[in-house]
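Q: The structure that follows is given in the form of structure tokens.
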Amino acid sequence: MQKIIILGLVFIFNACNAQHHISDPAPTTECGFSYEDLKECIHQNAHGLVKIKIVTEDLGSDEKLIKALTVVSSHGNQTLVVSPDISILAGDIGYVLFPDINFDSNPDLAVTTSFGTPNLYLDYWVFDPTQQKYIFVGNYPKFDINSKTKTLGATIKDSAEQYQTMNWKWNGNSLKRMNP
1 MQKIIILGLV FIFNACNAQH HISDPAPTTE CGFSYEDLKE CIHQNAHGLV KIKIVTEDLG
61 SDEKLIKALT VVSSHGNQTL VVSPDISILA GDIGYVLFPD INFDSNPDLA VTTSFGTPNL
121 YLDYWVFDPT QQKYIFVGNY PKFDINSKTK TLGATIKDSA EQYQTMNWKW NGNSLKRMNP
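Anchor point for the sequence shown: position 111 equals 111 in the numbering used here, and the numbering is continuous, going up by one each time.
Right, here's the structure in full:
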């Protein structure tokens with residue numbers, strides 16, 4: 001019985017030591033934020049660090065207007081104005097995302113602009129490597145990115161029983177809806 005216990009302990013000890021250890025964390029592709037916690041978002045990509053700070057204005061004791069994003073990177077500093085009248089209330093949660101929506105292998109940028117609704121909308125910017133800055137694309141539902149077909153899709157809730165599926169494709173530097 002003593003041998004079984006010793007063998008069991010040796011097995012458990014070795015199994016714990018055999019776990020995969022991650023030395024470098026994966027690059028952040030999403031940062032969460034809330035009314036209570038508007039922390040700086042830091043994203044590491046092939047071009048270096050990108051730091052995003054959310055600029056707000058107090059509207060009351062439990063509401064803040066999201067005015068802009070301040071971007072600091074190796075390409076310089078940039079202020080990105082967010083769609084008008086976007087506010088966050090106490091208890092709301094939003095996201096800063098770094099998807100590649102134009103399929104050029106450069107991380108783009110998106111920020112939540114809808115809170116407490118059935119559909120998640122975001123302001124999107126694409127990174128233009130020629131100008132070394134982010135260019136505003138528009139306010140869209142959260143995209144499902146299909147890198148094989150190079151299309152963007154989204155399904156939104158229209159009513160209690162109806163959903164609408166939409167798809168977009170890039171036409172040069174413009175995003176065009178495929179199924180109006």
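Using N, Cα and C, we set each Cβ at its ideal position, and we do this for glycine too.
This one's a predicted model, so the numbers in the text were calculated from it and none came from an experiment.
Name the residue from Val-137, Ser-114, Met-166, Asp-158 whose alpha carbon lies nearest to the alpha carbon of Thr-151.
A: Out of Val-137, Ser-114, Met-166, Asp-158, Met-166 has the C-alpha closest to the C-alpha of Thr-151.
Q: Report yes if the C-beta distance between Val-82 and Lys-67 is below 8 Å; otherwise report no.
A: yes
Q: Can you list, in chain order, the residues of its chain with a C-beta nearer than 6 Å to that of Leu-97? Leave out the 5 residues immediately preceding and following it.
A: Glu-30, Ala-110
Q: Grab the span of the beta strand (DSSP E) containing Pro-141 for me, first residue to last.
A: Where Pro-141 is concerned, the enclosing beta strand (DSSP E) starts and stops at 133 to 141.
Q: Of the residues Asn-119, Ser-74, Ala-90, which one's Cα is nearest the Cα of Ser-159?
A: Asn-119
Q: Could you tell me the distance, in whole angstroms, from the CA atom of Leu-69 to the CA atom of Phe-33?
A: 13 Å
Q: Please give the ranges of any beta strand (DSSP E) in the stretch 80 to 119, keeping only runs that are unbroken, at least 3 residues long and fully inside the region.
A: 87 to 89, 93 to 97, 109 to 112
Q: Should Phe-136 and Asp-108 be called a contact, given that it needs their Cβ atoms to be closer than 8 Å?
A: no
Q: For Leu-248, is the classification buried or exposed, using 16 other Cβ atoms within 10 angstroms of its Cβ as the cut-off for buried?
A: Residue 248 cannot be examined here, being either before or after the span of the chain that is shown, 1 to 180.
Q: Say whether chain C places a C-beta atom closer than 8 Å to the C-beta of Pro-84.
A: This model lacks chain C altogether; it includes just one protein chain.
Q: On the three-state DSSP scale, how would you describe Asp-37?
A: Looking at Asp-37 - three-state DSSP - the assignment turns out to be coil, as it is neither helix nor strand.
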